[in-house]
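Numbering (our numbering), first residue to last: 8 to 121.
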């Protein structure tokens, strides 16, 4: 059974860091493109990071480029999102997404506030 479990969210001050994790089961993250999305209250879901199926390419929108890094650990079958220099506008629920499979994690809340 395909499942994604998102974790690692929390409350952090502006300028702080968090690392989100997405533990996969039922498939291998090493052979699928994976993404992180976020959705803030009253806004549409937004793509924030993608890693290609071979792991050789990553893509970020300008809003997070240079601050967020997507990676994966094939041995742990887990995808990560390292978020640095967090801003209040990064506050959202963050979701992991297995692109070809079309499956979502349950989401993890990130709140950036002083």
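Just so it is clear, CB atoms sit at the ideal spot from N, CA and C, and this is done for glycine as well.
In this text, all values refer to a predicted model and were calculated from it rather than measured experimentally.
Assigned secondary structure, residue i (DSSP; H/G/I helix, E/B strand, else coil)
i          : result
residue 96 : helix
residue 42 : strand
Endpoints, beta strand (DSSP E) assigned at residue i
i          : result
residue 13 : 10-14
residue 17 : 17-19
residue 53 : 53-58
Bridge partners - residue i, DSSP secondary structure assignment
i          : result
residue 32 : 10
residue 26 : 89
Taking 8 angstroms as the cut-off, does the segment 28-48 touch the segment 70-90 (at least 3 CB pairs, one atom from each stretch)? yes
Continuous beta strand (DSSP E) assignments of at least 3 residues falling wholly in the segment 71-121: 75-80, 85-90, 99-105 and 115-119
Taking 8 angstroms as the cut-off, does the segment 11-20 touch the segment 63-74 (at least 3 CB pairs, one atom from each stretch)? no
Counting Cβ pairs closer than 8 angstroms, one from the segment 50-67 and one from the segment 113-121, do we hit at least three? no
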